[in-house]
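Contents: one structure, followed by commentary.
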Amino acid sequence: MTHSSSTYSAARHGAVPFWRDIRVLRVIAQIVFVIVVLALGAWLLGNYRSWLAERNLTFSYRFLRLEASFDLAEGIPFKPTDSYARAFLVGVVNTIRVASVGIVFATLLGLVTGVARLSRNWLVSHIASVYIEIIRNTPLLVQLFFLYFAVILKLPNLKVKDEITAITLPGPTYLSNRGLAMPWPRPSEAFESWWPFLIVALVVAVVLLILRTRGVQRTGRPSFSFLWVVLAFFAIPAIGWLVVQGKPLVLDVPVIKGLKAQGGTTLSPEYVALTLGLVVYTGAFIAEVVRAGILAVPKGQAEAARAQGFTEMQILRLIVLPQALRVIIPPLISQYLNLTKNSSLAIGIGFLDLYAVARTMLNQSGRVVEVFLMIMAAYLSTSLFISLIMNVVNRRIQIVER
Amino acid sequence: MTTTYEKPPATEVGVLGWLKKNLFSTWYDILLTTGSLVFIYGVLREIIEWAIIKATFSTEPGACKEAKAAAAAAGQTAGACWSVVITNIKVFMSGRYPTEEVWRIWASLGIVAALAVLTWWIWRSQNMEESRRWVVIGWLLSLPVIAILLSGFSEESEILPLVATELWSGLLLTIVLATVGIVASFPLGVLLALGRRSELPAIKVFCTMYIELIRGVPLITVLFMSQLLLPIFLPPQIRFGTVVRALVGMTLFSAAYSAENIRGGLAAIPIGQYEAAKAVGLNNLLMIALIILPQAIQKVIPAIVGQFISLFKDTTLVVIIGLLDLLGVAKAVTSQHDFIGLHKEAYLFVALMFFILCYAMSYGSRRLEVAMGVGER
Chain B
1 MTHSSSTYSA ARHGAVPFWR DIRVLRVIAQ IVFVIVVLAL GAWLLGNYRS WLAERNLTFS
61 YRFLRLEASF DLAEGIPFKP TDSYARAFLV GVVNTIRVAS VGIVFATLLG LVTGVARLSR
121 NWLVSHIASV YIEIIRNTPL LVQLFFLYFA VILKLPNLKV KDEITAITLP GPTYLSNRGL
181 AMPWPRPSEA FESWWPFLIV ALVVAVVLLI LRTRGVQRTG RPSFSFLWVV LAFFAIPAIG
241 WLVVQGKPLV LDVPVIKGLK AQGGTTLSPE YVALTLGLVV YTGAFIAEVV RAGILAVPKG
301 QAEAARAQGF TEMQILRLIV LPQALRVIIP PLISQYLNLT KNSSLAIGIG FLDLYAVART
361 MLNQSGRVVE VFLMIMAAYL STSLFISLIM NVVNRRIQIV ER
Chain P
403 MTTTYEKPPA TEVGVLGWLK KNLFSTWYDI LLTTGSLVFI YGVLREIIEW AIIKATFSTE
463 PGACKEAKAA AAAAGQTAGA CWSVVITNIK VFMSGRYPTE EVWRIWASLG IVAALAVLTW
523 WIWRSQNMEE SRRWVVIGWL LSLPVIAILL SGFSEESEIL PLVATELWSG LLLTIVLATV
583 GIVASFPLGV LLALGRRSEL PAIKVFCTMY IELIRGVPLI TVLFMSQLLL PIFLPPQIRF
643 GTVVRALVGM TLFSAAYSAE NIRGGLAAIP IGQYEAAKAV GLNNLLMIAL IILPQAIQKV
703 IPAIVGQFIS LFKDTTLVVI IGLLDLLGVA KAVTSQHDFI GLHKEAYLFV ALMFFILCYA
763 MSYGSRRLEV AMGVGER
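Sequence order for the protein chains is B and P. First residue of the first sequence? That's 1 in the working numbering, and the numbers climb one at a time after it. First residue of the second sequence? That's 403 in the working numbering, and the numbers climb one at a time after it.
Now the structure itself:
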């Protein structure tokens, strides 16, 4: 844009030959650039073509419908006779299982640690900062290897000679080198007449949340809006529980039979190691994000609130956090994206995430480029999806704030 | 009239005052402090007992098994067995690099150390502004010198026989991967950053797409691309070894992140600098090369150091494609018969190495930021 005035006046005098006319030169530069890129692309593609021709292959995704003939023991049910497409789906679901659980717990851990880091208690803040420094200055893969090979696989066996040797926690929850077996609710026959209550509860909770928030905004009077919403959300299903014949949900308790735990739900050692590793790692980064966000709120804000008689909890909840969130959300998004991308390290400890499954598909089918494009597409769309959601959240917070 | 001053109460000043203010100011503070103390005591006792008191440092084969048996007989758990680290320390550091050629690694380290001391000394003294450029040139020259020193000329060469890149492993490989990754990606990053800020739509779209594509996928997919796709998309005459392919992957990946850092620096250059450069008659190329880039790069040095640290940690991913970096060595060592099952010791050692190096670098970068006045306006 800085050239436009000089070019314009020069062109008017008709004194500039076209090879010195910046407008022409720009077009030429771009055309040359595009030609170079296209030529390079064509050269690469040509090499790929001859590679394909040598092996009598063609670029196609028809292999996805073929029988995979390998087994995947993680996530949604899969048997060797299922198709490649289904195998990839298993991988995608496993990645989502890790990333979603990981994001929730990493956020909680990061929030607690970030606040602890700012604690006025010297010991608490230094414990938090030692944790943060250790985690941030060592590679994630080293942490995962340590967690998996040196901690989880070294846990006691589930059972040795008819005697349960696993670490038993209340529930009963069994922690062993076979993973974590814990109780899990299972829908019974009565569930069908009960689930409408759940939907009603959800609707009522959302409506209440909107109404109460508007009420607070209009009157400015503090209200325990969140409490009411939670109450409504739990009260309605509870009433349903009493009305419906029989229990809609049964707590399925793990029982050790033979060498395996049956019933409840069992998380594989790989899943436990990966999720725990990602939570601990990302938690340290989120703690720093939270700390920076809280420090970004001017001290005067908390002091003014204290002067007006707010309690410390109220100051954090009503004054500091809403303002800090504005600073926190953008870097938090990139931490969530990092967690999702880092879940690809699963292959190092043998968890069957989307990347690990794709590698197996590739080894079986030999479709290198096809599978690679699928991996790229899966990660890019996941990244896009997370940043889309978080951008919506971000916009809401910005509006509420100002 | 005499005024008597009362001393402040002993509980408000000195050690007691500090304790009261920082550890015991309210009832929940006391609770937190007590909890923390118990926590620290528990953790430290476990660690010290395992790593030092009960540990076996002997490198004799079988010493660990004896210690373990003795502990089991006494009904206790055994401590660490550090022989896995002590015996293999050379493997951890330089891996399969030929023993008679290890002096070349030391020589390279010597060059870097000498340059570092020289740099520090020249930057400290006021009247040596002129020599600074020689230091920069020295650093630039040291890279090819070290590269030749480490890899050598050819198999027959008397002075520096060839050491195939496949033999580079251990900490050496980790450092080489990270350094080459950041250095080689830098010019690429500059081009991408300039391209992304270009007014020519075709170039801008291309550079933006490259940057966002790479930043949207995990490093492991880029390494995967360099390992498996490179041989497919290049003609059969061009073939690289695994290490070189990993380097290509690291560079392509790191370039996208370098580009974003440099773009940040470019955005911080006031428009007046561009206008002034135009006014003294510089063309676009000279303006960018002489006026804009030097200032932009100086602004982003701390960010580049940060990127180097994270790239340094990310090099561990090459384990997944089968290279023997520091972590790869630990993995290989713990699957040997003599050291089987000693994962805790080996991985803790690797973690400690990374921690020391990364912490030192981030400490240095913080000092650098202060010295350069970044963040002070």
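Positions of the beta carbon are idealized from the N, C-alpha and C atoms, including for glycine.
Asked: Taking CB distances under 9 Å as the criterion, tell me whether G627/P reaches chain B.; Found: The sequence given here places Met at residue 627/P; Gly does not occur at that position. For M627/P, the answer is yes, since a Cβ of chain B falls inside 9 Å of its Cβ.
Asked: Which bits of chain P does E372/B rub up against, with CB to CB less than 8 Å?; Found: Here residue 372/B is Phe; the residue named in the question, Glu, does not match the sequence. By Cβ distance, chain P contributes T623, F626, M627, L630, L631.
Asked: Would you kindly check if the distance between the Cβ of T282/B and the Cβ of G102/B is under 9 Å?; Found: yes
Asked: From V752/P to T501/P, what distance separates their C-alpha atoms?; Found: 21 Å
Asked: State the Cα-Cα distance for the pair L169/B and L153/B, rounded to the nearest angstrom.; Found: 18 Å
Asked: Can you name the start and end residues of the beta strand (DSSP E) that Q245/B belongs to?; Found: Where Q245/B is concerned, there is no enclosing beta strand (DSSP E), given that its DSSP letter is neither H nor E.
Asked: Can you give me the C-alpha to C-alpha distance between A15/B and I375/B, rounded to a whole angstrom?; Found: 55 Å
Asked: Indicate whether the contact test is met: 3 or more Cβ pairs, each with one atom in the region 664-678 of chain P and one in the region 692-712 of chain P, closer than 8 Å.; Found: yes
Asked: State the start and end residues of the unbroken beta strand (DSSP E) segment that holds V250/B.; Found: 249-252
Asked: If you measure from the beta carbon of D740/P to each beta carbon in chain B, is any gap under 9 Å?; Found: no
Asked: Can you find a C-beta in chain P that's less than 9 Å from the C-beta of R317/B?; Found: no
Asked: Would a check of beta-carbon distances place G171/B closer than 9 Å to chain P?; Found: no
Asked: Please list, in chain order, all residues of the same chain as V721/P whose beta carbon is under 7 Å from its beta carbon, the five residues on each side excluded.; Found: D727, L729, G730, K733
Asked: Cβ of G497/P less than 9 Å from any chain B Cβ?; Found: no
Asked: What ranges does the alpha helix (DSSP H) occupy inside the region 531-607 of chain P, keeping only unbroken runs of at least 4 residues that lie completely in it?; Found: 534-553, 572-598
Asked: For G618/P, would you say it is in contact with chain B, using Cβ-to-Cβ distances shorter than 9 Å as the test?; Found: yes
Asked: Can you give me, in chain order, the residues of the region 708-723 of chain P that have a beta carbon less than 9 Å from any beta carbon in chain B?; Found: I711, F714, K715, D716, T717, T718, L719, V721, I722
Asked: What's the C-alpha gap between V160/B and K260/B?; Found: 12 Å
Asked: Which complete alpha helix (DSSP H) runs does the region 128-177 of chain B hold, if anything under 4 residues is left out?; Found: 140-145
Asked: Three or more beta-carbon pairs under 8 Å between the region 74-92 of chain B and the region 272-287 of chain B, yes or no?; Found: no
Asked: Taking 9 Å as the threshold (beta carbon to beta carbon), is I442/P in contact with chain B?; Found: yes
Asked: Closer than 7 Å by C-beta to Q245/B: which residues in its own chain qualify, once you throw out the five before and the five after it? Chain order, please.; Found: A190
Asked: Check the Cβ-Cβ distances between S460/P and every residue of chain B, and say whether any is below 9 Å.; Found: no
Asked: As a quick exercise: from G75/B, V104/B, V36/B, A87/B, pick the residue whose alpha carbon is nearest that of E270/B.; Found: G75/B
Asked: In three-state DSSP terms, what is T265/B?; Found: strand
Asked: For W523/P, count neighbouring Cβ atoms within 10 angstroms of its own Cβ and tell me buried if that reaches 16, exposed if not.; Found: exposed
Asked: Check the Cβ of K470/P against every Cβ in chain B and list those closer than 7 Å, keeping chain order.; Found: Here the premise fails: no neighbours, minimum Cβ distance about 13 Å.
Asked: So, H382/P versus F59/B, is the Cβ gap smaller than 9 Å?; Found: No answer is possible for residue 382/P: the residues shown for chain P start at 403 and end at 779.
Asked: Quick one: list the residues of chain P neighbouring L380/B, beta-carbon separation under 8 Å, in chain order.; Found: L615, G618, V619
Asked: Threshold first: 3 residues or longer. Then list the beta strand (DSSP E) segments lying entirely within the region 324-376 of chain B, N to C.; Found: none
Asked: Among E462/P, A471/P, Y499/P, R769/P, which has the Cα closest to the Cα of T489/P?; Found: E462/P
Asked: Let's see if you can read the secondary structure: which residues bound the beta strand (DSSP E) around R317/B?; Found: No beta strand (DSSP E) contains R317/B, which DSSP labels as neither H nor E.
Asked: Run through chain B and tell me which residues come within less than 8 Å of I634/P, C-beta to C-beta.; Found: N47, Y48, W51, V368, V369
Asked: Can at least three beta-carbon pairs, one atom from the region 194-213 of chain B and one from the region 224-234 of chain B, be found at a separation below 8 Å?; Found: yes
Asked: What does T458/P pair with, by DSSP beta-bridge criteria?; Found: C483/P
Asked: Applying a beta-carbon distance threshold of less than 9 Å, which residues of chain B neighbour C760/P?; Found: R136, N137, T138, P139
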